[in-house]
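There are 2 protein chains.
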Amino acid sequence: MTTASDTPALNIALLGGGTVGSQVARILTENADALTQRIGTRLNLTKILVRNPQATRDYELPTEYYTDDVDEVFEGADIVVELMGGIDPARELVLRAINQGASVVTGNKALLATHGNELYEAAAEAGVQLSFEASVGGAIPILRPLRDSLSGDKITRIMGIVNGTTNYILDEMDSTGASFNDALAEAQRLGYAEADPTADVGGADAAAKAAILAHLAFHSPFTLDQVYTEGIAEISDLDHKAAADAGYVIKLLAIVEELDDPAGVVLRVHPTLLPREHPLAAVRGAYNAVFVEAENAGELMFYGPGAGGAATASAVMGDVTSIAKRKLRGGPGRTHTARRELECLDIGEATTRYMVVVRAADASGVLAKVAGTFAEHNVSIKSMNQTPDQDSNDERQTALLAFVTHRAKEAQLAKTLEATKQLDVVDEVLSVMRVEGK
Amino acid sequence: MTTASDTPALNIALLGGGTVGSQVARILTENADALTQRIGTRLNLTKILVRNPQATRDYELPTEYYTDDVDEVFEGADIVVELMGGIDPARELVLRAINQGASVVTGNKALLATHGNELYEAAAEAGVQLSFEASVGGAIPILRPLRDSLSGDKITRIMGIVNGTTNYILDEMDSTGASFNDALAEAQRLGYAEADPTADVGGADAAAKAAILAHLAFHSPFTLDQVYTEGIAEISDLDHKAAADAGYVIKLLAIVEELDDPAGVVLRVHPTLLPREHPLAAVRGAYNAVFVEAENAGELMFYGPGAGGAATASAVMGDVTSIAKRKLRGGPGRTHTARRELECLDIGEATTRYMVVVRAADASGVLAKVAGTFAEHNVSIKSMNQTPDQDSNDERQTALLAFVTHRAKEAQLAKTLEATKQLDVVDEVLSVMRVEGK
Ligand SMILES: NC(=O)c1ccc[n+]([C@@H]2O[C@H](COP(=O)([O-])OP(=O)(O)OC[C@H]3O[C@@H](n4cnc5c(N)ncnc54)[C@H](OP(=O)(O)O)[C@@H]3O)[C@@H](O)[C@H]2O)c1
Ligand SMILES: NC(=O)c1ccc[n+]([C@@H]2O[C@H](COP(=O)([O-])OP(=O)(O)OC[C@H]3O[C@@H](n4cnc5c(N)ncnc54)[C@H](OP(=O)(O)O)[C@@H]3O)[C@@H](O)[C@H]2O)c1
Numbered sequence: 001m002t003t004a005s006d007t008p009a010l011n012i013a014l015l016g017g018g019t020v021g022s023q024v025a026r027i028l029t030e031n032a033d034a035l036t037q038r039i040g041t042r043l044n045l046t047k048i049l050v051r052n053p054q055a056t057r058d059y060e061l062p063t064e065y066y067t068d069d070v071d072e073v074f075e076g077a078d079i080v081v082e083l084m085g086g087i088d089p090a091r092e093l094v095l096r097a098i099n100q101g102a103s104v105v106t107g108n109k110a111l112l113a114t115h116g117n118e119l120y121e122a123a124a125e126a127g128v129q130l131s132f133e134a135s136v137g138g139a140i141p142i143l144r145p146l147r148d149s150l151s152g153d154k155i156t157r158i159m160g161i162v163n164g165t166t167n168y169i170l171d172e173m174d175s176t177g178a179s180f181n182d183a184l185a186e187a188q189r190l191g192y193a194e195a196d197p198t199a200d201v202g203g204a205d206a207a208a209k210a211a212i213l214a215h216l217a218f219h220s221p222f223t224l225d226q227v228y229t230e231g232i233a234e235i236s237d238l239d240h241k242a243a244a245d246a247g248y249v250i251k252l253l254a255i256v257e258e259l260d261d262p263a264g265v266v267l268r269v270h271p272t273l274l275p276r277e278h279p280l281a282a283v284r285g286a287y288n289a290v291f292v293e294a295e296n297a298g299e300l301m302f303y304g305p306g307a308g309g310a311a312t313a314s315a316v317m318g319d320v321t322s323i324a325k326r327k328l329r330g331g332p333g334r335t336h337t338a339r340r341e342l343e344c345l346d347i348g349e350a351t352t353r354y355m356v357v358v359r360a361a362d363a364s365g366v367l368a369k370v371a372g373t374f375a376e377h378n379v380s381i382k383s384m385n386q387t388p389d390q391d392s393n394d395e396r397q398t399a400l401l402a403f404v405t406h407r408a409k410e411a412q413l414a415k416t417l418e419a420t421k422q423l424d425v426v427d428e429v430l431s432v433m434r435v436e437g438k
Numbered sequence: 001m002t003t004a005s006d007t008p009a010l011n012i013a014l015l016g017g018g019t020v021g022s023q024v025a026r027i028l029t030e031n032a033d034a035l036t037q038r039i040g041t042r043l044n045l046t047k048i049l050v051r052n053p054q055a056t057r058d059y060e061l062p063t064e065y066y067t068d069d070v071d072e073v074f075e076g077a078d079i080v081v082e083l084m085g086g087i088d089p090a091r092e093l094v095l096r097a098i099n100q101g102a103s104v105v106t107g108n109k110a111l112l113a114t115h116g117n118e119l120y121e122a123a124a125e126a127g128v129q130l131s132f133e134a135s136v137g138g139a140i141p142i143l144r145p146l147r148d149s150l151s152g153d154k155i156t157r158i159m160g161i162v163n164g165t166t167n168y169i170l171d172e173m174d175s176t177g178a179s180f181n182d183a184l185a186e187a188q189r190l191g192y193a194e195a196d197p198t199a200d201v202g203g204a205d206a207a208a209k210a211a212i213l214a215h216l217a218f219h220s221p222f223t224l225d226q227v228y229t230e231g232i233a234e235i236s237d238l239d240h241k242a243a244a245d246a247g248y249v250i251k252l253l254a255i256v257e258e259l260d261d262p263a264g265v266v267l268r269v270h271p272t273l274l275p276r277e278h279p280l281a282a283v284r285g286a287y288n289a290v291f292v293e294a295e296n297a298g299e300l301m302f303y304g305p306g307a308g309g310a311a312t313a314s315a316v317m318g319d320v321t322s323i324a325k326r327k328l329r330g331g332p333g334r335t336h337t338a339r340r341e342l343e344c345l346d347i348g349e350a351t352t353r354y355m356v357v358v359r360a361a362d363a364s365g366v367l368a369k370v371a372g373t374f375a376e377h378n379v380s381i382k383s384m385n386q387t388p389d390q391d392s393n394d395e396r397q398t399a400l401l402a403f404v405t406h407r408a409k410e411a412q413l414a415k416t417l418e419a420t421k422q423l424d425v426v427d428e429v430l431s432v433m434r435v436e437g438k
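Protein chains in written order, with UniProt numbering: chain H, 1 to 438; chain B, 1 to 438.
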């Protein structure tokens, strides 16, 4: 066994010492000996860039570690760990690290989903590593397995619960019957939701992760703005009831898939109904899970805590350790530059199942008319369930009809709904939700 | 982009062309172009070693591919893929491949759990790769994430459903009320269980996987014979009923964990009760899942098909592709030689919870006596449920008392049970099962 003293220590500079950064600092200092033994050299935490070097912090280190001087942080750094978040100045600092020949580890999904390609190419050109396991699914090892373990297979589709805040809210609503606002307030109280929950609730955070997952799965560059995105704030009580009545649970899923005809990918984030038996349906609270479909492997799922300082720091440390080991072994590292140029298709090309709830006259022949309209547009109905309408009145007796369809294109469904609304027997289309799983 | 024609093809030799081997051959030939594009060089399937080169096979290749001539198979091989199973001649052939400088991919858990250390050391010495993702959990990427993604964390415990046959049988018994024999027959009909199901039902297959998981998690060499093993054939109807009544499901788990006091690991395979809300409890049919607890990452789970030709071939191809990429990039590969020498502790040191069902006199004071005996031995009771005894008769009224304990050492429980049996109010200890999860 080579002893650690044979090889020079590697200098680790941290950009950011907040929720995740402070836990990375803790692991680097508390577990220094174990890490040295595991890697074969010492990881030497040099400096931590923060806005306010004097602030009191969760994990207390001697104040010499903290600085707001960028030059000081970069001095002699072999590996730069970016955990400050946001685009500016994170983007310039990551590029600076790459250009000085340091490898970079980041958990910054917003940065990668907007400027990823620029960074991957800069890293490849400079011959340094850029790793970002923590950017999707927190502690869950998902990016590396997609890249390495499934490298001999063809990934066809990924569906992920990649935002813990929204999963917590939806799970609370489903299991306790809480309202959206109460569930959100509870999530904020528990620290699962930010004071400004827009990025989580509106789906932007999940969309950034969808772009990163698609990049890894399909080897093409994608950005956040290519992801069709619907959040969870518009889910109505009737949506929840209709889903539960039919044995479904509502999850906010990031779905990325490759299509053959037309060739390309569809990237989307939206509330989705899943049968209660689906493995993703069992993901409770703020947990995350990524469900992967591959041609040969079949259906895989990766589950774990999607956030939290220590958990996310574990993923960061996995990247740091791998980079450190590779630096010792020598040889060039992996690159993430795009190998293909797949087209990103319009949401209209996405194929999924739907649940459609309409208010219609409670009379014979109504089902035939609605079903006929669906059939005309080649949307085939898998099941129908009729329930009495609470709002029905004496003037005109109405009923609620909940249809679940087989798979059809979004564009076809849109036309079907247009035509359905024109039917004289149909008062209103009350709910339209996408359905996945068998 | 470098073109594939720049670099020489890599020769792949297959040892075994059965369930998994034939699917590896299919992927190598059918997906040759995609693999070439992905890797940067061509993977050239040279020969397939089989017992009977003339046999008709699931996936038909020109007969020139098949041979029973070992020398012919090894000629010019850069990567040798061992999918024949068994110890002999697999062991000699893997060593021969290593000694001729070829890297090896295998799915052979029996071989690794008995002679792994010899092979890891031979590979390290020869400077070749030895990869075995397919040996645990079929298609599930689990070994590489343990090794790479969690390399900056400390794994404390792994609990795995790593045998699809027994999970299928237990799930059938739980969900349909089938008897063990009927469920086994059904598993055989569906091809999930072998004609001779001993290795699956008796736990030996899971024990081999436990040894491999422990090696990867704790960086120490372990063998199959160090794993305490109980199968599922002895689970009684009363066990099933008591588990279900208390809200548990029975799973055959492979559990490996590191203890501090005394320092060492405990490796065990046995039927285990899990609360129905536990992520592993939702693993249905022949699926596998591995639940990992790590100091910082918290609780992770990896889920997917644990067997099947194509699924297992996906894991094999992940290893082949990684080795091929590394060969192109240059630089030495990873080794699996043990870094530590952890002691393997007796099952008596294992700490778990228990469900104990006793038949006792249906009289006041009985609970106090039994609880007192447990307390004397420092086994603390978490819950108790009393049900009428069907076999109770007029002579002496009896009842069934089901206790669930807090965590205690196996050795402590053994003493507790001895003392409980001596109590005059206790007729019989009817069932003792281990319980995991919160
Ligand atoms: N939190 C999670 O569970 C989680 C999970 C997965 C991924 N991530 C990602 O990890 C990154 C970090 O998240 P976090 O939760 O740790 O963030 P955080 O708690 O807000 O910490 C940010 C840190 O960066 C420093 N910083 C921010 N802007 C700076 C600037 N312009 N100059 C110097 N220092 C600056 C802050 O300094 P002060 O301390 O002085 O304010 C703070 O230490 C983000 O990209 C996030 O998306 C987080
Ligand atoms: N099946 C699964 O789902 C699965 C999952 C995970 C891991 N694995 C592991 O993968 C390995 C292969 O499993 P499998 O199910 O593919 O086995 P299999 O169907 O029994 O195939 C074994 C192959 O090896 C050949 N073979 C066996 N002994 C030989 C010998 N002495 N000389 C020459 N050829 C010999 C056989 O030749 P013939 O065809 O001429 O008989 C056959 O082609 C095993 O280690 C198994 O534990 C299997």
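C-beta: ideal position from N, C-alpha, C; glycine also.
- A residue is called buried when at least 16 other Cβ atoms come within 10 angstroms of its Cβ; H:THR176 does not meet this threshold and is exposed.
- Straight-line measurement puts the Cα of B:ILE140 at about 17 Å from the Cα of B:LEU83.
- Classified as buried, B:GLY318 has 16 or more neighbouring CB atoms from the shown chains inside 10 Å of its CB.
- By the neighbour-count definition (other C-beta atoms within 10 Å, threshold 16), B:ILE87 is an exposed residue.
- Leaving aside the five residues that flank H:LYS369 on each side, the residues in its chain whose CB is nearer than 7 Å to its CB run, in chain order, LEU423, VAL425.
- Interface flag for H:ARG276 against chain B is unset, since no Cβ pair is found closer than 8 Å.
- With distances taken between CA atoms, H:GLU125 lies nearest to H:LEU95 out of H:LEU95, H:ASP148, H:ASP391.
- Annotation: B:ALA9 has no Cβ neighbours in chain H at a cutoff of 7 Å; minimum Cβ distance is about 16 Å.
- Less than 8 Å divides the Cβ of H:LEU430 from the Cβ of H:VAL358.
- Burial is judged here by how many other beta carbons sit within 10 angstroms of a residue's own beta carbon; H:SER131 has at least 16 and is buried.
- The alpha-carbon of H:GLY101 is positioned some 37 Å away from that of B:LEU119.
- Residue contact check for H:THR106 against chain B: no CB pair falls below 8 Å.
- The beta carbon of H:PRO53 sits closer than 8 Å to those of THR63, TYR66, THR67, ASP68, all from its chain and outside the five residues before and after it, given in chain order.
- Listed along the chain, the chain B residues whose CB falls inside 9 Å of the CB of H:ALA310 are GLU295, ASN296, ALA297, GLY298.
- Residues of chain B with a Cβ closer than 8 Å to the Cβ of H:ALA315 are, in chain order, SER149, ALA297.
- Bridge partners of B:LYS409 according to DSSP: B:THR351.
- With fewer than 16 other Cβ atoms inside 10 Å of its own Cβ, H:GLY127 counts as exposed.
- A residue is called buried when at least 16 other Cβ atoms come within 10 angstroms of its Cβ; H:ALA254 meets this threshold and is buried.
- B:TYR192 does not reach chain H, its nearest Cβ partner there being about 15 Å away, counting only Cβ pairs nearer than 7 Å.
- Check the Cα spacing between B:LYS47 and each of B:THR106, B:ALA214, B:SER149, B:GLY76: the tightest is with B:GLY76.
- Not one beta carbon of chain H lies nearer than 8 Å to the beta carbon of B:SER175.
- Contact annotation for H:MET159 against chain B: no contact, minimum CB-CB distance about 13 Å [criterion: below 9 Å].
- Under the criterion of beta carbons closer than 8 Å, B:LEU252 and B:LEU184 do not qualify as touching, at roughly 13 Å.
- By DSSP's assignment, H:MET173 forms no beta bridge with any residue.
- B:GLN188 carries a helical assignment under DSSP once its states are collapsed to helix, strand and coil.
- Relative to the Cα of H:THR405, the nearest Cα in the group H:SER364, H:PHE374, H:LEU45, H:THR387 belongs to H:PHE374.
- In the DSSP assignment, B:GLY298 falls within the beta strand (DSSP E) that extends over 298-305.
- Counting only the Cα atoms, H:THR165 lies some 16 Å from H:ALA311.
- Per DSSP, H:ALA289 is one residue of the beta strand (DSSP E) stretching across 287-294.
- Within 7 Å of the C-beta of H:ARG51 there is at least one heavy atom belonging to ligand 1.
- Burial is judged here by how many other beta carbons sit within 10 angstroms of a residue's own beta carbon; H:ASP261 has fewer than 16 and is exposed.
- Excluding sequence positions up to five before and after B:ALA13, its CB lies within less than 6 Å of the CB of THR46, LYS47, VAL73, ALA77, VAL80, all in the same chain and listed in chain order.
- The nearest non-hydrogen atom of ligand 1 is less than 7 Å from the C-beta of H:VAL20.
- Taking H:LYS415 as the centre and dropping the five residues before and after it, the same chain places the C-beta of HIS377 closer than 6 Å to its C-beta, in chain order.
- With contacts defined by Cβ atoms closer than 8 Å, H:VAL227 and H:ALA199 do not form a contacting pair.
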